[in-house]
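Comments concern the structure below.
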Amino acid sequence: MNLLINGIIMIEKVCNYTHKSFKNYTNPGDLKFKQKNIIFAYNGKGKSSLVLGVKREFLKDTTKTDDGLRFKATKTTPTKANE
């Protein structure tokens, strides 16, 4: 479900999303995305999978590109302290 705010199309709700650990997921009716959102959880709980799926859906519209998107998938390597 999309929402138009200040001329920008934004996602308001996730409906029937399936990707990796998400199987036909729909967020609760009272939980809607706003202009700014924070998604946090322990490692391995699906944060990146959710965001990558949203990005993939967004880019299905061939008039859009990922230029200017704030989320870029990155991998970090843990380092030891004092190295």
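Residue numbers (the working numbering): 72 to 154. Quick reminder that beta carbons are idealized off the backbone N, C-alpha and C, glycines included. Remember, predicted model here, so these are calculated numbers, not experimental data.
For residue i, count neighbouring Cβ atoms within 10 angstroms of its own Cβ and tell me buried if that reaches 16, exposed if not.
i	result
residue 121	buried
Per DSSP, what kind of secondary structure is residue i in: helix, strand or coil?
i	result
residue 118	helix
residue 154	Because the pLDDT at residue 154 is just 47, under 50, the model does not fix this residue reliably, and the point stays unresolved.
residue 94	strand
Alpha carbon to alpha carbon, how far is residue j from residue i? Give it in angstroms, no decimals.
i	j	result
residue 86	residue 94	11 Å
residue 81	residue 104	8 Å
residue 97	residue 111	18 Å
residue 100	residue 128	20 Å
residue 83	residue 134	20 Å
residue 89	residue 126	14 Å
If residue i sits next to residue j, beta carbons under 8 Å apart, how far is it from one beta carbon to the other, in whole angstroms?
i	j	result
residue 117	residue 92	5 Å
Quick one: what's got a C-beta closer than 7 Å to residue i's C-beta in the same chain, skipping five residues either side?
i	result
residue 130	137
Within a Cβ cutoff of 6 Å, which residues of the same chain sit near residue i, ignoring the five residues on either side of it in sequence?
i	result
residue 119	none
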